[in-house]
Amino acid sequence: MTLEGFAGTTSVVTGAAHGVGRALAHRLAREGSRVVVVDIRAEDAAVVADELTAEGADALAAACDVSSRHDVAALGERVAAWSPGGVQVLCNNAGVFTPRHAATATHEDWEWVLGVCLWGVIHGIEEFLPGMVASGQDCHILNTASMNGYVPSRHSTLYSTAKYGVVGLSETLRMELAATRVGVTLLNPAAVRTNISRAEETRPTRLARSRQDPDDAAFADYGLSPALEPEQVADLALEAILSGREAVFTDQVLKPLFEQRFARILSAFDVLPGPAAPGPSDG
Ligand SMILES: NC(=O)c1ccc[n+]([C@@H]2O[C@H](COP(=O)([O-])OP(=O)(O)OC[C@H]3O[C@@H](n4cnc5c(N)ncnc54)[C@H](O)[C@@H]3O)[C@@H](O)[C@H]2O)c1
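Next comes the structure, spelled out in structure tokens:
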């Protein structure tokens, strides 16, 4: 089933204090959804919730580190108290990026990036999906992956590991939920004008910085189109939810990169012997 609109729904948006998440929160609120603004930056989440309230929406700010199962379970309790009617829209959007090479990354680099980008999505699903399925209502999950969930770039080893995981999880989840009223959409931005380059500010102090930073820009090898504004990405995402689409991409430049990747994968089949041609005695 596909959501017909957002009016009267309750949405949970993670990473909603800035960037794409903030734009999603604003857009959902404007469409009549009650929005839980979830972020590790507690003060900034409160600012966004105040913005939504000032615009006449119903909003709740919730401080939460999505990489922590404990935090997300506590979030679930708060949301259940605030929205007895449940959650209809879950945007697992929080993410961090840090340019790292596997040869020099610390264990803590891996733990941080996979913790937020992959476990954050898993925690959201663990916490909210059972209620969505049980409600029998039209619901939707939007998982933010990335172009780096399909095509790797230099320095994206940690990030791509997490984002490929989000793609696999979401594609499988969509199949698994096909007979239910819960839809799944993948949001795969290319460049967006956000604060993601300041993600290190949110890294917990217990997770040490890596030994060595790569010396050039993370996305230097792509030739992407100019970065979109977060609001443009949020518009694409909401439209895709209402259309029940599986995935959202944001830059045509990616298409040939995808074609090259799939051609590379398919070429690995070329070494297999083809199916035997039917002989004269066959059928
Ligand atoms: N900006 C881009 O070019 C781009 C490209 C592809 C994918 N993405 C993805 O888009 C999503 C949103 O990123 P953005 O570009 O808006 O970045 P952003 O840094 O502007 O926003 C991310 C938000 O997530 C929050 N956050 C970080 N760690 C958190 C944690 N542990 N728990 C809860 N919240 C946390 C941050 O405080 C911030 O408010 C991410 O998943 C990112 O990987 C961004």
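Per my numbering, the sequence shown starts with residue 25, numbered consecutively.
Think of the CB as a built atom: it goes at the ideal place given N, C-alpha and C, for glycine as much as any other residue.
Distance, residue j Cα to residue i Cα
| i | j | result |
| --- | --- | --- |
| R230 | T130 | 12 Å |
| I265 | V113 | 10 Å |
| L262 | E55 | 10 Å |
| L84 | V295 | 56 Å |
| V358 | R124 | Because the chain is modelled from 25 through 307, residue 358 falls outside the range shown and cannot be assessed. |
| T122 | A105 | 36 Å |
| V103 | S267 | 27 Å |
| D162 | T33 | 10 Å |
| S291 | P299 | 16 Å |
| A258 | L211 | 9 Å |
| A98 | P280 | 43 Å |
| E101 | G247 | 44 Å |
| G307 | G29 | Model confidence at G307 stands at a pLDDT of 41, short of 50, so the residue's coordinates are unreliable and nothing is read from them. |
| P228 | P297 | 52 Å |
| L201 | G148 | 16 Å |
| L27 | L260 | 15 Å |
| E225 | E135 | 16 Å |
| A31 | A251 | 30 Å |
| V72 | H179 | 32 Å |
| M199 | L153 | 14 Å |
| N117 | A49 | 11 Å |
| P86 | G80 | In the sequence under discussion, the amino acid at residue 86 is Ala, which differs from the Pro named in the question. Their backbone Cα atoms lie some 19 Å apart in a straight line. |
Among the options, the one whose alpha carbon lies nearest that of residue i
| i | options | result |
| --- | --- | --- |
| A66 | V208, T196, E270, A41 | A41 |
| G173 | Y188, L193, Q276 | Y188 |
| L193 | H50, T181, V208 | V208 |
| G39 | N219, T204, C163 | N219 |
| E75 | R93, R51, A97 | R51 |
| A223 | L27, I64, E195 | I64 |
| S249 | R227, S221, P213, E225 | P213 |
| F282 | G29, M171, T77 | M171 |
| T168 | W134, L27, V37, F30 | V37 |
| E270 | H164, L153, Q276, A49 | H164 |
| S35 | T274, A202, G109, L260 | G109 |
CB-CB length for residue i against residue j, believed under 8 Å
| i | j | result |
| --- | --- | --- |
| V59 | A53 | 5 Å |
| E255 | A47 | 5 Å |
| V190 | V145 | 5 Å |
| D137 | V157 | According to the sequence provided, residue 137 is Val. The question's Asp does not apply to it. Going by Cβ atoms, the distance from V137 to V157 rounds to 29 Å, so no, they are not a contact pair. |
| C115 | L166 | 5 Å |
| E132 | A232 | 5 Å |
Cβ shell of residue i (< 8 Å), same chain only, five flanking positions each side left out
| i | result |
| --- | --- |
| F243 | Any reading at F243 needs caution, since the residue's pLDDT is 48, under 50, leaving its predicted position unreliable; the model's value is listed next. So the list reads S177, A215, once near-sequence residues are dropped. |
| G160 | R205 |
| C88 | T38, V62, D63, I64, D95, V96, A98, L99 |
6 Å CB neighbourhood of residue i in its chain, flanking five on each side removed
| i | result |
| --- | --- |
| A126 | T181 |
| R288 | none |
| R285 | V175 |
| S221 | none |
| D82 | R58 |
| G155 | G110 |
| S107 | T34 |
Cβ-based neighbour list, residue i, same chain, cut-off 7 Å, excluding 5 preceding and 5 following
| i | result |
| --- | --- |
| E253 | R217 |
| A186 | V137, L138, C141, L142 |
| F273 | N212 |
| A78 | none |
| S91 | G139, V140, W143, G144 |
Note down, one range per segment and in chain order, each alpha helix (DSSP H) of at least 4 residues found wholly within the segment 84 to 147. List check, alpha helix (DSSP H) in window: 93 to 106, 131 to 138.
Ranges of the beta strand (DSSP E) found wholly within the segment 40 to 64, counting only runs of at least 3: List check, beta strand (DSSP E) in window: 58 to 63.
Identify every run of the beta strand (DSSP E) within the segment 240 to 293, keeping only runs that are complete inside it and at least 3 residues long; order them along the chain. Along the length of the segment 240 to 293, whole beta strand (DSSP E) runs at least 3 residues long occupy 271 to 273, reported in chain order.
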